[in-house]
Each structure stands twice: as C-alpha cells, then as structure tokens.
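Reviewing the structure listed below.
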Amino acid sequence: MQSIKFLVVPQRKRKCSALGINKDPLAPHSIFLGTMIMQKTTGQHPDPKFTQFRHSPLKIYAKTAIAASKLEQFREQAAIFQPVKDYDLNLQLINEAKGLLQFLDTPNLSRLSDLPYIEIHGLPTDCSLPSPPRNGRRPDDKQTWVSELLLLSIALLAQLHPLAYQEVKNGDLIHQIAPISGQENSTSSAGRVYFDSHTDLGILRLLYRPEYLALLALVNQKSVATFLSVLDDVIARLPSSVLQTLSQPRFRFQSPEVMHIWGGKIIASEPRPIIAQDDHGAAVVAANLKTTIAIDSKASTALAMLQQAVAEAARPVILEPGSVVIFNNLRCLHGRSAINGERWLQRLYARRSLEHLVQATGSNPVNATFSIRDLVLE
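Going by numbering that gives the first Met the number 0, the sequence shown opens with residue 0, and the numbers climb by one from there.
What follows is the structure, given as structure tokens:
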C-alpha cells in the first residue's frame, strides 16, 4: 500500500514541502488561503495545474448581483409552471429551469469548482407557502414551484448536472428537509436533535456520490445554523501520523437512514479510507462522524482526532428564507445544530458530470434519475 503525503503550496510560489504539525498560530489561515493537495509518495512534485485551488468561500447578495426586475421576472415566470400529470416530474423541472436561466445570470457561479462553497442571499421564493411538511414529502398544498425551479436554475448556472437517486427521498430531484413526525430524535435530516458532521452518501464510491449539495431555506424560524468544515482547514489541524491513518482502509461506512434499500436495512462497507484523493490529486473526504466504524484502536484514535478537528474548523452558515448555499460534498463536511421552531429547507444533489453514473447503471441521463441499489456493493 502506498502512503500519502499531505502537501501545502502557498499562494506565493514555493516548492512543495511535507506537512507535519505546524505550530505557527497563523498556519491554518495561510493554509486556507493557499493550496492543499495530496500526492502519492513518489518524490515528484505535482502537476501545477492541479494545485491551484481557491479556498475562500464566496458570499453573493442577489439584489446587488442581479437586477431586481430580473429577480421579480423569475418569480413571476416560475410561478406559472405546473407539471403535467403522468409525465416524468424530474425531467419537467429540469427543462423548465433551463428556460428560466436568463433571469438569474451571474458570472460568479461559474467559479464554484474553485471554491468549497458559495452562499447566495436575497433570492425570490414562493409568495405563499404552506406549513413545513411532517412526512418528508412535498406538501400537496404548495401551489407553486418557484423554490424548486430556483434551486435547479442555480445549479445549472454553476454548470452542474442535477441528479436524483431512486432509493433516496423516493427518487425526487428536490428533497424536503424538515423534521419528520415520530423521528425527532433521529440523527439525520429527519430529526430535531444535533446532526453530526458528515458527507452525504459517503458509502458510495467517489464517482457515484453527489459531488455538490445545494440547500435553499424556505423557513428557518430560529435561525438554526448549518455548519461547514472545509477539508483543507481540517487537515491543517491534524498531525501527519493521524492523516496517514485516516488515508488507510481502516474504516467502515454505514448506509444512511435516508437510503432505502433491501427493506431499509443498514449495511456497512468494506474497510475504506476516510481521506483519499481524486484523479487530480485533490483531497476528498467521506464520513459520518457519528456512524463511521473504526476497525482498530489506532483508527479509533485518528477518528476521534478528526472529530475534534472538524468541530474546530466548522463555520456557521445561517440560511434565512431566500438563502442558498452550494458546497462541495467531497471537500466539505456539514452538520447542523438542534432545531427549535419551524425549519424547512430544500436540497438538491449535483455533479459536474453524470458520465460514470450513466455507465454504471445504464440509466437514461435525460431525467437524471439513477438506481444505486447495486452501486452500494461496489
């Protein structure tokens, strides 16, 4: 097994150097603004084109980036849409969103691939909303589809491909994220209790899991925070020995509660690393800090230190109605505080390419819906 070295390339040009425990109190900040990559131990420097990642999140206020008249036109046009019964809803929503892009054009979203996340505030949503759902499904009395089309349009502007999994949220493209009656103590998106940091669908292989998540707030009565921990910020807080352990196949991932396969059974993966690298050498992460299983004492110690580093690196994002955050699910962990009062978000999964999912499942990419029942076993 090849070990992995963790390297830092600061913004000013320097040669790469191995990263150990950095005692410099400014180090986390300089690492966050610089470039972190992972490279197999070959003694060679990485290709520079794979090392220039930006790590500063971007915050956009819609009313300063987009003309107010355009925002209102978007709301008016989106409110007209009504899906045709017995036709594929996901496909209808995607096609409708494509026609609405002219009202939301902002060049900043094209920078998403270089950033861990983007916040957008002050977006138009439905003029009238029902009470938040209690069953995990879209309320029948939500009369318009403005929020759903908004979320899809933003993903398309960011040059992402929205996708749905048949075994997650009934195959819906847009997920309703609100506490479900009877599941208040569930440590999942259905509960009200504190939800530990995690990546979505980490049990899936890198090429199949959602690469990006987009969350839109419809109701957030008590300003409940979503916490985002950027992986580069987490790595900067860990000693190299712990990073080596986390990069080895010494952890089992469990299927999440939201994934309904084989009668709702919870399954565990074969041993895998928590931190790995993608084809470009960038660090990626897969884990649920509550349910991931360490297979030995050394792995258990590393997992505990990871939990502490993730907590220290967490950045609160408050999503008020009309606010969206899009973040990289491969390079960020997310969680939330306990929910008091009413809270209703909508969620969308997306990838930069659906090619591998299409090849693995044989699905038609047009409606962007894939079965992952068998992919869990890969």
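The C-beta atom is built at its ideal place from N, Cα and C for all residues, glycine as well. Values in this document were obtained by computation on a predicted structure and should not be read as measured data.
Heavy atom of the ligand MG less than 6 Å from the Cβ of Asp373, yes or no?
-> Absent from the structure shown: the ligand MG. Ligands present: none.
Report, in whole angstroms, the separation of the C-beta atoms of Ile202 and Ser268, which I expect to be a contact under 8 Å.
-> 5 Å
Considering only residues of the same chain and omitting the five flanking positions on each side of Pro131, which have a CB-CB separation below 6 Å?
-> Ala177, Val218, Glu341 and Trp343
Assign Gln10 to buried or exposed, taking buried as 16 or more other Cβ atoms, counted over all protein chains shown, within 10 Å of its Cβ.
-> Below a pLDDT of 50, predicted positions are generally treated as unreliable, and Gln10, at 33, falls in that range; no measurement from the model is reported.
Taking only runs of the beta strand (DSSP E) that begin and end inside the region 218–250, which ones reach a length of at least 3 residues, in chain order?
-> Annotation note: the region 218–250 contains the following uninterrupted beta strand (DSSP E) runs of length 3 or greater, listed N- to C-terminal: 224–229.
Determine the DSSP secondary structure at Ser187, reduced to helix, strand or coil.
-> coil
Going by alpha carbons, who is nearest to Gly181 out of Leu151, His174, Arg191 and Leu172?
-> Gly181 has its Cα closest to that of Arg191, out of Leu151, His174, Arg191 and Leu172.
Buried versus exposed call for Asp368 [16 or more other C-beta atoms within 10 Å across all chains shown] | Looking at the sequence itself, residue 368 is Thr, so the reference to Asp does not match. Looking at its Cβ environment, which holds 16 or more other Cβ atoms inside 10 Å, Thr368 is buried.
Runs of beta strand (DSSP E) wholly within the region 113–189 (minimum 3 residues, chain order) | 116–120, 160–164 and 173–176
Specify the secondary structure class of Lys58 as computed by DSSP and reduced to three states.
-> strand
Three or more C-beta pairs below 8 Å linking the region 150–165 and the region 91–111 | Touching, per the Cβ criterion.
Straight-line CA distance for Leu347 to Ala303?
-> 30 Å
Would you mind giving the Cβ-Cβ distance between Gln345 and Glu118, rounded to the nearest angstrom? I have them listed as a contact below 8 Å.
-> So it is not a contact: roughly 16 Å between Cβ atoms.
To the nearest angstrom, report how far apart Lys168 and Ile260 are at their CA atoms.
-> 12 Å
Exposed or buried, what is Asn94 when buried is set at 16 or more other beta-carbons lying within 10 Å of its beta-carbon?
-> Classification of Asn94: exposed, given that the 10 Å Cβ count is below 16.
Buried or exposed: which applies to Asp199, given that a residue is buried once 16 or more other Cβ atoms fall within 10 Å of its Cβ?
-> buried
Counting only the same chain and skipping the five closest in sequence on each side, list residues whose C-beta sits under 6 Å from that of His28.
-> Because His28 sits at a pLDDT of 27, beneath the cut-off of 50, its placement in the model cannot be relied upon, and the following sentence gives the value as read from the coordinates. None.
Alpha carbon of Gln142 to alpha carbon of Asn366, nearest angstrom = 23 Å
Please list, in chain order, all residues of the same chain as Gly170 whose beta carbon is under 6 Å from its beta carbon, the five residues on each side excluded.
-> Ala163 and Thr368
Give the straight-line distance between the Cα atoms of Gln247 and Ala298, rounded to the nearest whole angstrom.
-> 9 Å
Could you give the residue range of the alpha helix (DSSP H) that holds Asn327?
-> That residue, Asn327, is in no alpha helix (DSSP H); its beta strand (DSSP E) goes Val323 to Asn327.
Applying the criterion that 16 or more other CB atoms from any shown protein chain within 10 Å of the CB defines a buried residue, is Asp139 buried or exposed?
-> exposed
Excluding the 5 residues preceding and the 5 following Leu332 in the sequence, name in chain order all residues of the same chain whose CB lies nearer than 8 Å to its CB.
-> Ser196, His197, Thr198, Leu227, Ser228, Leu230, Val233, Val284, Ala286, Leu288 and Val309
Close Cβ partners of Ser352 (< 7 Å) along its chain, the five nearest in sequence each way excluded | His160
Pick from Val375, Asp373 and Asn363: whose alpha carbon is nearest that of Leu90?
-> Asn363
Taking only the alpha-carbon atoms, compute the straight-line gap between Gln276 and Ala282 and give it to the nearest angstrom.
-> 5 Å
Do Leu57 and Gln76 come within 7 Å of each other at the CB atom, strictly closer than that value?
-> Going by beta carbons, Gln76 and Leu57 fall outside the 7 Å limit.
Which residue from Arg249, Ile153 and Leu356 puts its Cα closest to that of Val323?
-> The closest CA to that of Val323, considering only Arg249, Ile153 and Leu356, is found on Ile153.
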